[in-house]
Amino acid sequence: MVLKGASIAVLLNPEAMIVIFVGIIAAVINSYPSSELKKVPKMLLILIKTKKFDNQKLISEIVDLSNIARRDGLLALESQREGLDDPFLERGLEMVIDGLEEKQIREIMENEIEGMDERHRKSAGIFKTAGTTSPTLGVMGAVIGLIGALGNLNNVNALGTSISSAFVATLYGIFFGYVILIPFNSRLLVKSEKEIEHLTLVLEGVIAIQSGASASSIEKKLYSLTSEKKSNNKKDSADEKTKEE
-13 MVLKGASIAV
-3 LLNPEAMIVI
7 FVGIIAAVIN
17 SYPSSELKKV
27 PKMLLILIKT
37 KKFDNQKLIS
47 EIVDLSNIAR
57 RDGLLALESQ
67 REGLDDPFLE
77 RGLEMVIDGL
87 EEKQIREIME
97 NEIEGMDERH
107 RKSAGIFKTA
117 GTTSPTLGVM
127 GAVIGLIGAL
137 GNLNNVNALG
147 TSISSAFVAT
157 LYGIFFGYVI
167 LIPFNSRLLV
177 KSEKEIEHLT
187 LVLEGVIAIQ
197 SGASASSIEK
207 KLYSLTSEKK
217 SNNKKDSADE
227 KTKEE
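Mapping of the sequence shown onto our numbering: position 85 corresponds to residue 71, and the numbering continues sequentially without gaps.
Take a look at the structure:
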């Protein structure tokens, strides 16, 4: 098979592959502690899995909880808390039920969100480090290949093949860096941002419930904080429930 006048076999260069991968592994190991490196398999699973955050469902759930709190009091949330699927919302309501002040609740929940964000950025940074290192390693591999080729000038017939093979390392470095590793970093950060948005909705919802805000005002505020838009085919459940009261 021929690609742009060169045999595809030229692109298969195990030596260049070894230079790239060994170099990437060495750079990452020297940049991060073992505690962070152990998270790489988990990060790869996160890349594969699709975790969807249903913010509309969350907002509807918070609105329902706010109606219960306004009608029956904050202590009535105890029975509702145990059946929640969202552990962050459950912990937030627990603090409300325990009588913590708004400032304390906000501080605790914000610290948890910031801690999660920091952990995610560190883990995603591993792929960024690998991705930015990869092209440079490709250049290094090409230099090594050229040194070998120029050291064998007596064999003119093999010189062209040796030089072309030397630049395969550069191709590998650019491909793995800009096509695979750096996009992995970007994708992890996007997933993290979606989770942070979800947790921020929980935080603001819990604070609103504690302050006794109306269901309609809570719903409007939470939808203003999310990139999702309320479905047009659904009625304003918060307004309906407020009217029922």
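Heads up, the beta-carbon is just placed ideally off N, CA and C, and yes, glycines get one too.
In this structure, Ala110 is the residue among Ile6, Ala110, Val192, Leu167 with its C-alpha nearest to the C-alpha of Lys24. Secondary structure of Leu79 (DSSP, three-state): helix.
Excluding residues up to 5 positions away in sequence, Gly198, Ser200, Ala201, Glu231 lie with their Cβ nearer than 8 Å to the Cβ of Arg56 in the same chain. When secondary structure is reduced to three states using DSSP, Lys206 falls in the helix class. Residue state for Thr212 is assigned as coil, using DSSP reduced to three classes.
Contact annotation, Leu174 with Leu208: C-beta distance approximately 26 Å; criterion of less than 8 Å not satisfied. Rounded to whole angstroms, Leu132 and Gly159 show a C-alpha spacing of 16 Å. In the three-state reduction of the DSSP assignment, Asn140 falls in the coil class.
In this structure, the beta-carbon distance from Ala155 to Val5 falls below 7 Å.
Linking Ile54 to Ile193 through their CA atoms gives a straight-line distance of about 15 Å.
Per DSSP, Ile166 lies in no alpha helix (DSSP H) segment and is marked neither H nor E. In the three-state reduction of the DSSP assignment, Tyr18 falls in the coil class, being assigned neither a helical nor a strand state.
In the structure shown, Ser148 falls within a helical segment according to DSSP collapsed to helix, strand and coil. Asn(-1) carries a coil assignment under DSSP once its states are collapsed to helix, strand and coil.
Glu179 is the residue among Glu179, Leu189, Gln196 whose C-alpha sits nearest the C-alpha of Lys37.
Here the region 1 to 17 makes contact with the region 121 to 140; the two share three or more CB pairs at distances below 8 Å. Listed in chain order, the non-local C-beta contacts of Asp58 below 7 Å within the same chain number zero, local neighbours out to five positions each way being set aside. The beta carbon of Glu190 sits closer than 8 Å to the beta carbons of Lys207, Leu208, Leu211 from its chain, once the five residues preceding and following it are set aside; these are given in chain order.
Contact check for Ile112 and Ala135: beta-carbon distance about 34 Å, past the 8 Å limit, so the pair fails to qualify.
One Cα belongs to Pro73, the other to Ile182, and the distance between them is close to 14 Å. As summarised for the region 19 to 88, the continuous alpha helix (DSSP H) elements at least 4 residues long and confined to that stretch are 20 to 23, 26 to 34, 41 to 58, 63 to 67, 73 to 83, given in chain order.
Around the beta carbon of Val82, a 10 Å sphere encloses 16 or more other beta carbons of the protein chains shown; the residue is thus reported as buried.
For Phe162, there is no enclosing alpha helix (DSSP H), as DSSP marks it with neither H nor E.
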